[in-house]
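Engineer: Going by the working numbering, 513 is the number at position 492 of the first sequence; the sequence numbering is gapless.
Ideal placement from N, C-alpha and C gives every residue a C-beta, glycine not left out.
Got a structure for you, written out below as structure tokens; questions coming shortly.
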Amino acid sequence: MLLRMSTLFLRTLREDPADAEVPSHKLLVRAGYVRRVAPGIYSWLPLGKIVLENVARVVREEMDRIGAQEVLFPALLPRDFYESTGRWTEYGDTLFRLKDRKGADYLLGPTHEEMFTDMVKGEYSSYKDYPVTLYQIQTKYRDEARPRAGILRGREFVMKDSYSFDLDDDGLKRSYELHRDAYIRIFDRLGIDYKICFAMSGAMGGSASEEFLAPCDTGEDTFVACRNCGYAANAEAVVTPAPPAVTAGQPPLEVLDTPDTPTIDSLVAHVNEHYGLGITAADTLKNIVVKVRTPGSDEVRTLVVGVPGDREVDFKRLEASLSPGVPEIFEAEDFARHPGLVRGYIGPQVLKELGIDYLVDPRVVAGSSWVTGANEPGKHAAHVVAGRDFQPDGTIEAAEVRPGDDCPRCGHALSIDRGIEIGHIFQLGRKYADAAQLDALGPDGKPIRITMGSYGVGVSRAVAVLAEQLHDGLGLVWPREVAPADVHIVGTGKENQVEVASGLAETLEARGLRVLVDDRPQVSPGVKFKDAELLGVPTILIVGRGVSQGVVELRDRAAGTKEEIPLDEAVERVLAACGA
RNA sequence: CGGGGCGUGGCGCAGCUUGGUAGCGCGCUUGCUUUGGGAGCAAGAAGUCGCAGGUUCAAAUCCUGUCGCCCCGACCA
Numbered sequence: 022m023l024l025r026m027s028t029l030f031l032r033t034l035r036e037d038p039a040d041a042e043v044p045s046h047k048l049l050v051r052a053g054y055v056r057r058v059a060p061g062i063y064s065w066l067p068l069g070k071i072v073l074e075n076v077a078r079v080v081r082e083e084m085d086r087i088g089a090q091e092v093l094f095p096a097l098l099p100r101d102f103y104e105s106t107g108r109w110t111e112y113g114d115t116l117f118r119l120k121d122r123k124g125a126d127y128l129l130g131p132t133h134e135e136m137f138t139d140m141v142k143g144e145y146s147s148y149k150d151y152p153v154t155l156y157q158i159q160t161k162y163r164d165e166a167r168p169r170a171g172i173l174r175g176r177e178f179v180m181k182d183s184y185s186f187d188l189d190d191d192g193l194k195r196s197y198e199l200h201r202d203a204y205i206r207i208f209d210r211l212g213i214d215y216k217i218c219f220a221m222s223g224a225m226g227g228s229a230s231e232e233f234l235a236p237c238d239t240g241e242d243t244f245v246a247c248r249n250c251g252y253a254a255n256a257e258a259v260v261t262p263a264p265p266a267v268t269a270g271q272p273p274l275e276v277l278d279t280p281d282t283p284t285i286d287s288l289v290a291h292v293n294e295h296y297g298l299g300i301t302a303a304d305t306l307k308n309i310v311v312k313v314r315t316p317g318s319d320e321v322r323t324l325v326v327g328v329p330g331d332r333e334v335d336f337k338r339l340e341a342s343l344s345p346g347v348p349e350i351f352e353a354e355d356f357a358r359h360p361g362l363v364r365g366y367i368g369p370q371v372l373k374e375l376g377i378d379y380l381v382d383p384r385v386v387a388g389s390s391w392v393t394g395a396n397e398p399g400k401h402a403a404h405v406v407a408g409r410d411f412q413p414d415g416t417i418e419a420a421e422v423r424p425g426d427d428c429p430r431c432g433h434a435l436s437i438d439r440g441i442e443i444g445h446i447f448q449l450g451r452k453y454a455d456a457a458q459l460d461a462l463g464p465d466g467k468p469i470r471i472t473m474g475s476y477g478v479g480v481s482r483a484v485a486v487l488a489e490q491l492h493d494g495l496g497l498v499w500p501r502e503v504a505p506a507d508v509h510i511v512g513t514g515k516e517n518q519v520e521v522a523s524g525l526a527e528t529l530e531a532r533g534l535r536v537l538v539d540d541r542p543q544v545s546p547g548v549k550f551k552d553a554e555l556l557g558v559p560t561i562l563i564v565g566r567g568v569s570q571g572v573v574e575l576r577d578r579a580a581g582t583k584e585e586i587p588l589d590e591a592v593e594r595v596l597a598a599c600g601a
């Protein structure tokens, strides 16, 4: 491959685009890799297209290596496939819907579980056919409430999705492990920094699920990591270790007058001053009321969640824990309908008789004693003991996770970071096979329900993540595997530099390198240097003022090093630098 | 959905308060000079100022409406 800057369809920008906030967005636009078309929708220019294809190639090679077979579904899909699993309605506004000329409903595929399942059902029928794994690299469409950060979170994006079909749980586990290994190879080859995190299997009803998160300040996901034992988990999936149950005798429950203590801080200050309890916010029990809606039905139940008063409820964690139920805020009119719930002074002591479910943070163990609401305006209760004064209906992971919290595996302090999800592997189980009645006929003549795994890689997102993780003040710094070229040859000078550069480019191309050569006439050296740094090709060869003395300059974009080398060694030196 | 900000040549912006010939930088075209860090000089091309209505002798500027875009939030009872 040989690209010439003199004819390459490329225009770099000197300034950041006004609508870009994050580094990857700014740089990919400035360097002429992508252009915005509409919110969350981008065009890929030649260099961007090459990088995108390189990522796709790596993904494809590693999927093929584990025996997955590539297929391609349409992005434009008829409604009926999504009707059978209920997702035509469940997906809500995120689904791009459209009608054909006859008025029939269509959608742009946000994901393709239904299509894969249906395809396998149509072709395979014997246990001898299994296991099988299929994948595609496809454009997906999701009408996100808020697309952001350029191609990091778009409404149209390229994703590799694959599905494994197995006869039993052991097979599923093997398919899952194969994918896990493939993903490790993919992200290692791409040069992405990532962490494998435990994730919630959530509504999909699966058993095991892990996310590949790329640590990144601009990330939307929060994850915890333990430096000691290597445990890592999405914040939504973190398990809170329960302290040992308390058995020692506790003083009896005591109701306290606590006027004007609407917040935890004011409550703590008040009881310490007037009752000398010497407590902290962590000794109080905060009770949050939510409504939980069951999707697909009108059923709404009231739920109270108890967490230590020094912690906020993390709505995302709550949501994940309640899934498929959807928590909603308990409004003033809801309080009006439940006079037993005294806003600001709710305690769990009365929930049983009110018939309201009560779930507590795992720290609220049997025998633990709390200061909490007394279910009367202006009153709280002290020495309220779990198991004695109230009986929780179970535990729930809803409290926020904080840096320094105990690792659930080894007890060391956890750190918290943000990341971007670039891959997800997931033991789906039989949900879709059940919906589609996907069976194989067994050796005994009886049907075997197939069990599935679902696996995704954000291909276009990976491009943005690389830009996000690998850049400096001058521009992009691509790893060689995805770079638009192996070497960027800059010819600059008023003598024969451009011809020499062009000749070197042809020689190196013939030796198997992907070459980008700046052969633009009448362009000043400064511009060419700046562009080379902005574009981010890993190896840069400058053919400039030294050429009449037989000297050229070899640069390493990532290391920032430069070295003068003899012109007649240039070809071999570049080949060596490019690992060819 | 809530809050904030912004719509002016291809890109980045000023002008609006206080109405009066639409401007700057980058980019682009032509010529000459220049060639190791986003060159210089000269001459050019290119904008119905998001859209609609209103006020006015006169609107990018004031008023009303509307559309779009960007950012933050989506919870703390």
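Please go through the same chain and pick out, in chain order, the residues whose beta-carbon is closer than 8 Å to the beta-carbon of Thr301, but skip the five residues on each side of it.
Structural biologist: Val289 and Asp331
Engineer: If you draw a straight line from the C-alpha of Arg532 to the C-alpha of Gly192, how long is it?
Structural biologist: 45 Å
Engineer: What is the DSSP secondary structure of Ala235, counted as helix, strand or coil?
Structural biologist: In the structure shown, Ala235 sits in a strand (DSSP, three-state: E or B).
Engineer: Take every Cβ of the stretch 500 to 517, pair it with every Cβ of the stretch 533 to 544, and state whether three or more of those distances are shorter than 8 Å.
Structural biologist: yes
Engineer: Identify every residue that forms a DSSP beta bridge with Phe178.
Structural biologist: Lys161
Engineer: By how many angstroms is the C-alpha of Lys216 removed from the C-alpha of Glu294?
Structural biologist: 47 Å
Engineer: Buried or exposed for Leu435, going by 16 or more other Cβ atoms inside 10 Å?
Structural biologist: buried
Engineer: Please classify Asp589 as buried or exposed, where buried requires at least 16 other C-beta atoms within 10 Å of its C-beta.
Structural biologist: By the Cβ neighbour-count rule, Asp589 is exposed, with fewer than 16 other Cβ atoms within 10 Å of its own.
Engineer: For Asp209, which option in Glu83, Ile561 and Thr239 has the closest C-alpha, if you only look at C-alpha atoms?
Structural biologist: Glu83
Engineer: Within this structure, are the beta carbons of Val406 and Thr305 separated by less than 8 Å?
Structural biologist: no
Engineer: Quick check: the Cα distance between Pro264 and Ala387, rounded to an integer number of angstroms?
Structural biologist: 10 Å
Engineer: Quick one: what's got a C-beta closer than 6 Å to Pro546's C-beta in the same chain, skipping five residues either side?
Structural biologist: Here the set comprises Thr513.
Engineer: Does Thr115 come out as helix, strand or coil in the three-state DSSP assignment?
Structural biologist: helix
Engineer: Which partner residues does Phe447 have in the DSSP bridge list?
Structural biologist: Ser230 and Ser475
Engineer: What does a CB cutoff of less than 7 Å around Ile469 pick up in its chain, not counting 5 residues either side in sequence?
Structural biologist: Tyr148, Leu188, Asp460, Ala461 and Gly463
Engineer: Given that a residue counts as buried once 16 or more other Cβ atoms are within 10 Å of its Cβ, and exposed if not, what is Gln490?
Structural biologist: buried
Engineer: Starting from Gly365, follow the beta strand (DSSP E) in both directions and report where the run begins and ends.
Structural biologist: Premise fails: Gly365 is in no beta strand (DSSP E) and is neither H nor E.
Engineer: In whole angstroms, what separates the C-alpha of Ala269 from that of Val310?
Structural biologist: 31 Å
Engineer: Indicate the three-state DSSP secondary structure (helix, strand or coil) for Asp539 in the structure shown.
Structural biologist: strand
Engineer: Could you give the first and the last residue of the continuous beta strand (DSSP E) run that contains Phe351?
Structural biologist: First-last for Phe351: undefined, no H or E at that position.
Engineer: When you compare each of Arg451, Thr110, Asp164 and Glu177 to Arg57 by their alpha carbons, which one comes out closest?
Structural biologist: Residue nearest to Arg57 within the set Arg451, Thr110, Asp164 and Glu177 is Glu177 (criterion: CA-CA distance).
Engineer: With a threshold of 8 Å, are at least 3 pairs of Cβ atoms found where one atom belongs to the stretch 55 to 75 and the other to the stretch 164 to 181?
Structural biologist: yes
Engineer: According to DSSP, is His433 helix, strand or coil?
Structural biologist: coil
Engineer: I need the straight-line Cα distance from Gly226 to Pro38, nearest angstrom please.
Structural biologist: Because Gly226 sits at a pLDDT of 45, beneath the cut-off of 50, its placement in the model cannot be relied upon, and the point is left open.
Engineer: Among residues of its own chain, excluding the 5 on either side of Ala395, which ones have a beta-carbon nearer than 7 Å to its beta-carbon?
Structural biologist: Val276, Tyr366, Gly368, His401 and Ala402
Engineer: Could you tell me which of Arg122, Tyr184, Phe117 and His404 sits nearest to Glu135, measuring between CA atoms?
Structural biologist: Tyr184
Engineer: Which of the three DSSP states, helix, strand or coil, is assigned to Ile205?
Structural biologist: DSSP places Ile205 in helix when its eight states are reduced to three.
Engineer: What does Ala254 pair with, by DSSP beta-bridge criteria?
Structural biologist: Phe219 and Val245
Engineer: Taking DSSP as the reference, what is the three-state secondary structure of His404?
Structural biologist: strand
Engineer: Exposed or buried, which one is Cys237 when buried takes at least 16 other CB atoms within 10 Å?
Structural biologist: The residue in question, Cys237, is buried, as its Cβ has 16 or more Cβ neighbours within 10 Å.
Engineer: Tell me which residue opens and which closes the beta strand (DSSP E) that Gly394 is part of.
Structural biologist: Ser390 to Glu397
Engineer: Less than 8 Å separating the beta-carbons of Val486 and Ile417?
Structural biologist: no
Engineer: Check whether the stretch 517 to 530 and the stretch 60 to 79 touch, using three or more Cβ-Cβ pairs below 8 Å as the test.
Structural biologist: no
Engineer: Unbroken alpha helix (DSSP H) runs of length 4 or more, entirely within the stretch 286 to 317: which are they?
Structural biologist: Entirely contained in the stretch 286 to 317, not one alpha helix (DSSP H) run reaches 4 residues.
Engineer: Within a Cβ cutoff of 7 Å, which residues of the same chain sit near Asp126, ignoring the five residues on either side of it in sequence?
Structural biologist: These residues qualify, in order along the chain: Arg100, Arg118 and Lys120.
Engineer: Alpha carbons only, please: which of Val422, Gly130 and Arg501 is nearest the one belonging to Glu333?
Structural biologist: Of the candidates Val422, Gly130 and Arg501, the one whose C-alpha sits nearest the C-alpha of Glu333 is Val422.
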